[in-house]
Each structure stands twice: as C-alpha cells, then as structure tokens.
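Notes follow the structure.
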Amino acid sequence: MPLPTAEHHHIVFLQGSVLQIPQFDLPAPFTYSQTVYPWTSSAEIPDRVRDASIIILSAARVDAAVLSPDVTPHLKLIVMVASGFDCIDLEACRKRGIVVCNCPNSNIEAVSEHAIGMYFAARRKLLDMHLSTRAGKWKEKGSLMFEYLDKDGTPPLTCQDEVAGIIGNGSVGKRIAALARNLGMKVLISDRKASTTADSFRVPFDTVIRQSTVLFVAVPLMDSTRNFISTPEFEAMSSHAVIVNVSRGGTVDEEALVHALRERRISGAATDVFNGEPAGPDTSPLLAEDAKDLNIIATPHLAWLSQRTSVNYGSKLKIAVEAWAAGQPVNVVS
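Just so we're aligned, residue 2 is where the sequence shown starts under our numbering, counting upward by one.
Following this line, the structure appears as structure tokens:
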C-alpha cells in the first residue's frame, strides 16, 4: 500500500460495513488507494488511520490525540457520513488545516418518521401493551384498560388533541412539523432556547415548553444546546407531555428526565440518542434497572437507518471527496 503523497491519497473507511462505498473519480493528477474496515473500536482508531490522508467515518470519536501530527501525519480530509459532527475535535482540525465535511440532509425522511413512530409508542405505551399481552395479562385480568390511563385517570390523547412543539427548525424539524400537521396536531416551532421573539413561523422557546403535549427535539449538539432540556423545562411542561429526542445525546439532561418521569411530572419519553454511546444500563440512567418501570422508549441511534438514507450518504460522500480533491470542498464544517 503506497503512502500518501502530494498526488496520491490513501482513504481509510472506519465503518465500511454500514456504507455504500462509491468509486471515486478524482481529478488528474490525483490517484487513491483505500482500506475498508467493517467496524472500528475507539482503541483501534490510532493504528488504522496512521497512513490515511482521508478518513471516512459515521460513528467514531476522533479526538485531539488522534489528530496529533504524530498519529496522523498525512491527514488532510475527514468526511463524516452523517449530519452531526460533534464526535470530531474541530478545533484540533482547524489548527492543522484539516478539512472536515459532513453529509447533511441525507436522513431527513427516516429520522422524522422514526420520531413520529416513537411518539406513538410512548403516547400509547405500545411496547408495554405488547409485553403484557404476550405475557397473558389480558387473559388473566380480563381487561388492561385501566393500566394504560394517564396519571389523572384519563385516556391518552389523540393527534387532534396534541400540541406538537418542535425545538429546531432545520430540515428534520421542518419534516417532523409537516408530518405532525398532517396527523392533525397543532404545531409550535422554536429555533433554540435563546429564541424569545415570535414571528409568523416561530414562537418563544418557553411558550413551546409550556404549551406542548409532545415535544420533538431536533437540534445539533453544541455548547448552547447541551442539557438545554433539564429540570426547569420539565417542571414547566404539561403533565401530559411526551418528549421525543432524535437529535443528539447530551441535549436532554438524562438524570433530570428520569426524575421527571419518576415524579410523574410528564407522561413519557422516547429517545434514539444518549449522552454516552453505545449506551447500556451501566452508562445511562434511561436504561438503568430502576428505570424499567418508567414510560421510556429507547432505540440505539438508528433513526437514520433506511434504504433512502444509504443511497443519499453514498452520493454525498462521493461528492464530498471529489469536490475537495478538485479544490472546491462542499458541506465544510471546519
């Protein structure tokens, strides 16, 4: 395997098993070789990227240590085959002049549909109903209706009675809003927590928190959004509220969410993302043993998974690498 030179790039795929790997058409005089790893653990990253000038990844932490010239002396480009890029130390990349690109708007349909599916699962407690029915509790008790009433003894809301709050007015937020409207929900939209003024499209953040009966979180993770849904927000929410997080782990305070559910301040929660991933009972209070009786629907950061997403990722990955090699990089985040 030839080492990278001024005219030759070596591309390393860290999670090749989840990607449609394209054939790159680099402009002359550039050539490339590639190494495809089906999956890569954090511990394996330094050795695997040592000879890379281009790294392709979808879910791995690339920190300042990996980005040290001693570890990645040839590195010039990182392509994140995802919308989010918080797993990459962008400041370390800036210091070395390493370009970082992502593949935005590739998973809009899948993530928004997953969010709506999680809403239904949490609002109607579908998983618990399924498990109880499978366990024979319906036959044993004759009726399970009274186990699935809200805490005030009322049945669950239907879409026509829901007020859907959308936190984040990006592509996914807009798509969730459209689906919610089509289901008959009233929709309120707020960009971020700092939003305090209303216009024809958005209402203040605090208003969305207070009035929503289902809250969809669809924002990137950054300093301004870390734990920005926490105890004050849960205390202000409707007791009927269900929160659905398809953005990034760390945007919703997991400890505060568990406390709000345990105290029955809100009705339920659904999340595809966790503060530490991959997540398990020993790393997330949402999955802990003492949270099993709470109305929490959890999925393993796979809201993006669909045939359409895979095609979009492959196409945008190809464009990202070829455009950068031609000196016209696209979707640059650093």
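Where a beta carbon is used, it is the ideal one built from N, C-alpha and C, also for glycine. Values in this document were obtained by computation on a predicted structure and should not be read as measured data.
For residue i, is the classification buried or exposed, using 16 other Cβ atoms within 10 angstroms of its Cβ as the cut-off for buried?
i, result
"S144", "exposed"
"H115", "buried"
"S59", "buried"
"N183", "exposed"
"G251", "buried"
"G281", "exposed"
"S54", "buried"
"M146", "exposed"
"P279", "exposed"
"L318", "buried"
"S240", "exposed"
"R124", "buried"
"F235", "buried"
"W305", "buried"
"S213", "buried"
"V50", "buried"
For the candidate residues the options, whose alpha-carbon lies nearest to that of residue i?
i, options, result
"F14", "A29, D52, S113", "D52"
"P330", "R176, Q16, L78", "L78"
"S69", "V80, I46, V82", "I46"
"E110", "L303, A324, A326, D207", "L303"
"Q16", "S34, P5, S43, F31", "S43"
"F229", "V215, R135, N246, L288", "N246"
"A270", "T284, D162, D294", "D294"
"S311", "A7, C104, T300", "C104"
"S191", "T226, S335, V19, D254", "T226"
"V164", "L180, L150, D153, C88", "L180"
"T284", "R266, T134, R263, E256", "E256"
"D224", "R249, P74, L76", "R249"
"V80", "V101, D64, K96, V209", "V101"
"D153", "R266, T300, L306, I22", "R266"
"I210", "A242, Y33, P156, K138", "A242"
"L216", "M238, P233, P205", "M238"
"F31", "A324, D207, V334", "A324"
"D1", "I297, L287, E290", "Residue 1 is absent from the model: the chain starts at 2 and stops at 335."
"V67", "A83, V82, C88", "C88"
"Q24", "S316, S335, V334", "S316"
May I ask you to report which of helix, strand or coil DSSP gives residue i?
i, result
"F14", "strand"
"L336", "Not covered by the structure: residue 336. The range shown for the chain is 2 to 335."
"L91", "helix"
"A271", "strand"
"N313", "helix"
"V112", "helix"
"L127", "helix"
"W139", "helix"
"L318", "helix"
"L258", "helix"
"A324", "helix"
"S133", "helix"
"E290", "helix"
"K152", "coil"
"R266", "coil"
"F86", "coil"
"A122", "helix"
Residues bridged to residue i by DSSP?
i, result
"I298", "A271"
"V102", "A quick correction: the sequence has Cys, not Val, at residue 102. Per DSSP, V80, V333."
"V253", "I230"
Taking 7 angstroms as the CB-CB limit, is residue i close to chain D?
i, result
"A7", "Absence of chain D from the displayed structure is noted, only one protein chain being present."
I'd like to confirm something about residue i: is its beta-carbon nearer than 6 angstroms to some heavy atom of the ligand FAD, or not?
i, result
"I55", "What this structure holds is no ligand at all, so the ligand FAD is not there to describe."
**Message:** I'd like the ranges of any beta strand (DSSP E) spanning at least 3 consecutive residues and lying wholly in the stretch 162–246.
**Reply:** 164–168, 187–191, 215–218, 243–246
**Request:** Output the residue ranges of the alpha helix (DSSP H) runs that lie fully inside the stretch 4–64 and measure 4 residues or longer, sorted by chain position.
**Result:** 46–49
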